[in-house]
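Student: Okay, here's the structure, questions in a sec.
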Amino acid sequence: MVDNWVGELIYEGKAKRVYKVNDELLIMEFKDEVTAFDGARKEHAPGKGRLAAAQTVFFMQLLGKYGIRNHLVDWDGDRKILVKSLRMIPIEVIVRNYAYGSFLKRMPLVKPLTKFRKPLVEFHLKSDELHDPLITTDDIIEAGLVNYGQLNEIINTALRVNSILSEFMASRGLTLVDFKLEFGFDKSGNIVLADEISGDTMRILINGRHLDKELFRKGASALDLVRAYEEMNRLLNIP
Ligand code: ADP
Ligand code: CDP
1 MVDNWVGELI
11 YEGKAKRVYK
21 VNDELLIMEF
31 KDEVTAFDGA
41 RKEHAPGKGR
51 LAAAQTVFFM
61 QLLGKYGIRN
71 HLVDWDGDRK
81 ILVKSLRMIP
91 IEVIVRNYAY
101 GSFLKRMPLV
111 KPLTKFRKPL
121 VEFHLKSDEL
131 HDPLITTDDI
141 IEAGLVNYGQ
151 LNEIINTALR
161 VNSILSEFMA
171 SRGLTLVDFK
181 LEFGFDKSGN
191 IVLADEISGD
201 TMRILINGRH
211 LDKELFRKGA
221 SALDLVRAYE
231 EMNRLLNIP
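So this is what it looks like as structure tokens:
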């Protein structure tokens with residue numbers, strides 16, 4: 001798809017660098033770095049970039065097989081993926097199957113790891129300065145980020161992604177606790193699943209043990225995190 005996997009660097013985030021190839025395509029390069037607490041804790045994590053890229057490619061391809069439109073075009077087999085360039089919707093869509101993380105902080109009346117009767121879908125504004133605040137569906141519509149029909153499409157897609165990923169994980173003995181998705185608009189105005197799906201953006205348990213970035217948030221080293229991602233990829237047969 002691209003000859004040399006180079007482009008003009010247009011953005012450097014906490015986890016990835018983004019390069020423009022042309023008006024239609026971007027390269028996203030996963031960094032060998034792990035950050036937590038809005039970047040306050042940051043460590044070099046050799047090998048993590050490739051593992052997270054491989055996870056993203058695997059999950060996007062799996063979802064694609066179920067008809068979930070997503071931005072993935074190609075993978076260099078290492079830390080870079082080629083994606084469709086989208087106009088991103090600046091919200092994080094979080095789906096929760098079990099009570100954890102920021103849910104417990106705002107709702108301490110629920111016991112940790114309680115299974116919800118039905119998956120919860122919630123929205124946070126993407127803003128490091130404001131620490132990604134929880135926002136309502138009315139906020140999103142009033143701010144003109146999407147219309148009502150588009151918001152429903154996002155919710156339904158997020159729930160479908162949850163069913164597909166939860167079932168897939170369960171079939172391998174893993175529990176999907178929660179995860180974050182991002183969406184954008186393509187040139188025709190379609191809503192497309194974007195960004196990444198990896199141990200950085202979900203919580204996955206095996207026999208109560210994390211195989212995700214929560215390890216690092218809880219104080220494990222970057223090296224331990226890389227080992228956990230290797231284990232996840234082994235268990236899920238991710239190349
Ligand atoms: P952050 O900005 O939170 O530090 P990253 O380091 O992951 O995050 O940077 C990747 C950036 O690329 C994010 O801002 C994300 O919203 C954006 N992005 C993801 N997929 C696409 C896409 N297909 N088109 C345009 N931007 C994208
Ligand atoms: O991580 P924290 O407890 O602050 O947030 P959360 O709202 O409980 O996170 C829910 C899920 O979304 C977890 O799987 C996080 O890894 C993921 N998430 C993310 O990928 N990026 C964020 N900026 C926030 C959460």
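Everything in the sequence shown is counted per the UniProt record's numbering, starting at 1 for the first residue and increasing by one.
Heads up, the beta-carbon is just placed ideally off N, CA and C, and yes, glycines get one too.
Quantities reported herein were computed from a predicted structural model and do not represent experimental measurements.
1. In the structure shown, what three-state DSSP assignment does Lys65 receive?
2. If you check the beta carbons only, do Glu153 and Ile191 fall under 9 Å apart?
3. Is any non-hydrogen atom of the ligand ADP found closer than 8 Å to the C-beta of Gly47, if you look at the structure I gave you?
4. Can you tell me whether Leu151 is helix, strand or coil according to DSSP?
5. Does the beta-carbon of Glu196 have 16 or more other beta-carbons within 10 angstroms, so that it is buried, or is it exposed?
6. Using 10 angstroms around the beta-carbon of Ser85, count the other beta-carbons present and answer buried if the total reaches 16, otherwise exposed.
7. Give a yes or no on whether the C-beta atoms belonging to Leu225 and Val34 are separated by under 9 Å.
8. Within 10 angstroms of its Cβ, does Lys42 collect 16 or more other Cβ (buried), or is it exposed?
9. Please classify Thr157: does DSSP put it in a helix, a strand, or coil?
10. Decide if the stretch 68 to 84 is in contact with the stretch 15 to 32; the criterion is three or more beta carbon pairs, one per stretch, under 8 Å apart.
11. Take every Cβ of the stretch 94 to 107, pair it with every Cβ of the stretch 139 to 150, and state whether three or more of those distances are shorter than 8 Å.
12. Check Lys213 in the structure and name its three-state DSSP category.
Tutor: Reading from the atomic positions:
1. Looking at Lys65 - three-state DSSP - the assignment turns out to be helix.
2. In this structure, Glu153 sits near Ile191, with a CB-CB distance shorter than 9 Å.
3. False, no ligand heavy atom lies under 8 Å from that Cβ.
4. Note: Leu151 maps to helix in three-state DSSP.
5. Buried, by the Cβ-count rule.
6. By the 10 Å Cβ count, Ser85 comes out buried.
7. Yes; because the gap between Cβ atoms is below 9 Å, this pair is in contact.
8. Lys42 should be labelled exposed.
9. Helix, per DSSP.
10. Touching, per the Cβ criterion.
11. The stretch 94 to 107 vs the stretch 139 to 150: no contact.
12. DSSP places Lys213 in the coil class of the three-state scheme, outside both helix and strand.
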